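Student: Residues 383 to 719 (my numbering) are what the sequence shown spells out, left to right.
By construction, the Cβ of each residue, glycine as well, lies at the ideal position given by its N, Cα and C atoms.
Every value quoted in this text rests on a predicted model; they were computed, and no experiment measured them.
Just passing along the structure, written as structure tokens.
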Amino acid sequence: MTLRSHIVGVGGYLPERILSNAELSTMVDTSDEWIRERTGIRQRHIIAKDQHTSDLATEAAKQALEDAGLSIDDIDAIVVATTTPDLIFPSTASIVQYKLGGRDFPAWDIQAVCSGFVYGLAQVDGMIRGGMFRRVLLVGAESMSRIMDWQDRSTCVLFGDGAGAVVLEARDEREANGIIGSVLHCDGSYRHLLMASHPHPGAAPGVDPMDLKIDSAGAAAVEMKGNEVFRVAVTKLGEVVGEVLGKYGVRQSEIDWLIPHQANIRILQATAKKLKMSPDRMALTVDQHANTSAASVPLALNHIYREGKLEKGQLLLLEAFAGGFAWGANLVRWSKD
Ligand code: UT7
Numbered sequence: 383m384t385l386r387s388h389i390v391g392v393g394g395y396l397p398e399r400i401l402s403n404a405e406l407s408t409m410v411d412t413s414d415e416w417i418r419e420r421t422g423i424r425q426r427h428i429i430a431k432d433q434h435t436s437d438l439a440t441e442a443a444k445q446a447l448e449d450a451g452l453s454i455d456d457i458d459a460i461v462v463a464t465t466t467p468d469l470i471f472p473s474t475a476s477i478v479q480y481k482l483g484g485r486d487f488p489a490w491d492i493q494a495v496c497s498g499f500v501y502g503l504a505q506v507d508g509m510i511r512g513g514m515f516r517r518v519l520l521v522g523a524e525s526m527s528r529i530m531d532w533q534d535r536s537t538c539v540l541f542g543d544g545a546g547a548v549v550l551e552a553r554d555e556r557e558a559n560g561i562i563g564s565v566l567h568c569d570g571s572y573r574h575l576l577m578a579s580h581p582h583p584g585a586a587p588g589v590d591p592m593d594l595k596i597d598s599a600g601a602a603a604v605e606m607k608g609n610e611v612f613r614v615a616v617t618k619l620g621e622v623v624g625e626v627l628g629k630y631g632v633r634q635s636e637i638d639w640l641i642p643h644q645a646n647i648r649i650l651q652a653t654a655k656k657l658k659m660s661p662d663r664m665a666l667t668v669d670q671h672a673n674t675s676a677a678s679v680p681l682a683l684n685h686i687y688r689e690g691k692l693e694k695g696q697l698l699l700l701e702a703f704a705g706g707f708a709w710g711a712n713l714v715r716w717s718k719d
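Below you can see the structure in the form of structure tokens.
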């Protein structure tokens with residue numbers, strides 16, 4: 383038996399509240415023009431006061447299950463990639479399992495920041511191929527607004543909240559189909575360039591993330607040396623897309639869709655250029671969602687899927703770069719009707 387994992391359902395969820403660049407420029411010394419020119423971002427969604435990361439994840443998961451024509455009773459495991467868990471423990475995945483009405487199957491979180499979904503897809507694919515699970519719900523979900531220093535213009539303009547989800551299913555088939563394979567990397571010597579420390583004050587229920595001024599000693603907030611992150615991201619993403627193609631014997635020209643992590647439009651364009659791909663073959667959501675960390679890749683996938691752009695048999699290249707630094711890529715032969 384040769385097991386392969388296939389994406390059979392896709393979903394996404396964005397909280398209602400939209401924070402525009404114009405509104406942000408009344409909060410910190412920035413402008414719509416600067417943000418758009420340097421990053422491509424126009425707006426971001428912000429989690430409601432009474433919502434948690436698990437609520438965003440649950441909504442995205444429900445949509446993915448519905449899309450797959452399945453119920454929670456058909457699922458063997460839930461994996462949630464998140465940097466902004468509801469609590470330190472239990473896992474956000476266990477809370478999502480409860481909220482979906484699931485019982486007595488494994489659920490756990492993984493943490494690879496913005497690369498969480500790419501890491502998760504590699505992990506779940508390996509477990510499905512190994513015969514451990516038949517159907518797995520994989521979610522990337524974040525409430526990044528809760529770990530922002532809303533007085534730091536160099537970071538708070540860049541991130542947003544949301545969740546994306548897929549249902550993966552095992553199929554017995556010989557030819558390379560569904561998730562073809564992945565490459566993952568991490569180099570902890572870069573850890574100081576992009577980080578957030580504990581504790582996580584925004585996790586407390588009833589706290590409006592926009593009211594938090596998270597820059598006091600001991601509180602969590604994203605810190606980033608943007609320039610240096612940018613340089614390494616462009617180099618490593620260029621390398622990793624070449625590596626994944628080489629590993630699985632795929633030519634650049636065979637890629638139909640690039641589904642990149644949405645951090646900065648200039649980084650996305652550099653990767654598309656490296657692949658000699660036209661920008662219109664790239665999923666683009668950074669303008670609408672900003673950087674939603676682990677939710678970014680599945681939300682971008684959901685975006686082009688809902689627009690009806692994906693066709694059965696097309697080859698998709700997913701990639702992400704994150705704090706750690708942790709980065710990676712997955713190759714997917716789209717097999718959904
Ligand atoms: O998801 C994980 C991966 N994350 C990333 O990939 C992010 C990578 N980095 C980036 O996307 C870019 O480096 C940024 C968008 C963060 C910054 O763009 P940049 O072109 O690298 O700008 P910079 O950091 O070199 O800053 C240029 C200027 C500075 O002013 P001076 O020193 O030249 O006077 C900043 O103080 O822009 C200033 N600046 C701003 N001005 C208006 C920084 N943030 C802002 C702002 N509004 N929000």
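Is the beta carbon of I429 sitting closer than 9 Å to the one on T421?
Tutor: It is not a contact, given that the beta carbons lie outside the stated cut-off.
Student: Give the straight-line distance between the Cα atoms of N609 and R399, rounded to the nearest whole angstrom.
Tutor: N609 and R399: Cα-Cα distance of roughly 29 Å.
Student: Less than 9 Å between the C-beta atoms of T440 and S675, yes or no?
Tutor: Not a contact, by the Cβ cut-off of 9 Å.
Student: Quick test of the definition: if touching needs 3 or more C-beta pairs under 8 Å, does the stretch 532 to 552 touch the stretch 661 to 678?
Tutor: Taking 8 Å as the limit for Cβ pairs, the verdict is that the stretch 661 to 678 does touch the stretch 532 to 552.
Student: Given 8 Å as the limit, is there contact between the stretch 684 to 693 and the stretch 472 to 487, that is, 3 or more CB pairs closer than that?
Tutor: Touching, no.
Student: Just checking, does the stretch 560 to 575 make contact with the stretch 639 to 647 on the three C-beta pairs under 8 Å criterion?
Tutor: Flag = no, the stretch 560 to 575 and the stretch 639 to 647 do not touch.
Student: Which first and last residues belong to the beta strand (DSSP E) in which L406 is found?
Tutor: L406 -> not in any beta strand (DSSP E); alpha helix (DSSP H) instead, spanning 403 to 406.
Student: Can you give me the Cβ contacts of A652 inside the same chain, cut-off strictly under 6 Å, excluding the 5 residues immediately before and after it?
Tutor: Result list for A652: V616, in chain order.
Student: According to DSSP, which residues form a beta bridge with H336?
Tutor: Because the chain in this structure spans residues 383 to 719, residue 336 falls outside the shown range and cannot be described.
Student: Could you work out which residue in I492, T537, E605, A603 is closest to V410 when comparing CA atoms only?
Tutor: Cα-wise, what sits closest to V410 is T537.
Student: Of all the alpha helix (DSSP H) runs that stay within the bounds of the stretch 605 to 634, which reach a length of 4 or more residues?
Tutor: For the stretch 605 to 634, whole alpha helix (DSSP H) runs of length 4 or above, ordered along the chain, are 608 to 629.
Student: What are the partner residues of P642, as DSSP defines its beta bridges?
Tutor: In the DSSP output, where bridge partners are listed per residue, P642 has E701.
Student: Go ahead and label E551 buried or exposed: buried means 16 or more other beta carbons lie within 10 angstroms of its beta carbon, across all protein chains shown.
Tutor: Answer is buried; the Cβ neighbour count reaches 16.
Student: In the DSSP assignment, the beta strand (DSSP E) including V521 goes from what residue to what residue?
Tutor: Here the beta strand (DSSP E) through V521 covers 517 to 525.
Student: Within the present structure, is the beta-carbon of C568 separated from the nearest heavy atom of ligand 1 by less than 8 Å?
Tutor: Flag unset: Cβ of C568 not near ligand 1.
Student: Would you check if the stretch 447 to 465 and the stretch 553 to 560 touch, i.e. whether three or more CB-CB distances between them fall below 8 Å?
Tutor: No contact exists between the stretch 553 to 560 and the stretch 447 to 465.
Student: For a test of the three-state rule: what should DSSP assign to G570, helix, strand or coil?
Tutor: DSSP places G570 in helix when its eight states are reduced to three.
Student: Taking its Cβ as the centre, do 16 or more other Cβ atoms sit within 10 Å of I470, making it buried, or is it exposed?
Tutor: Classification for I470: exposed.
Student: Who are the Cβ neighbours of E625 in its own chain at under 8 Å, not counting the five residues just before and after it?
Tutor: Same-chain partners within the cutoff: V565, A711.
Student: In chain order, which alpha helix (DSSP H) runs of at least 4 residues are fully inside the stretch 440 to 487?
Tutor: You should have 474 to 481.
Student: I'd like to confirm something about H671: is its beta-carbon nearer than 8 Å to some heavy atom of ligand 1, or not?
Tutor: Checking the Cβ of H671 against ligand 1 gives no.
Student: Report buried or exposed for A404, applying the criterion of at least 16 other Cβ atoms within 10 angstroms of its Cβ.
Tutor: A404 should be labelled exposed.
Student: Put L594 into one of helix, strand or coil per three-state DSSP.
Tutor: Legend: pLDDT at L594 = 46, less than 50; position of this residue unreliable, no value from coordinates given.
Student: Inspect the CB distances between the stretch 506 to 518 and the stretch 654 to 668 and report whether three or more fall short of 8 Å.
Tutor: Output reads no: the stretch 654 to 668 does not touch the stretch 506 to 518.
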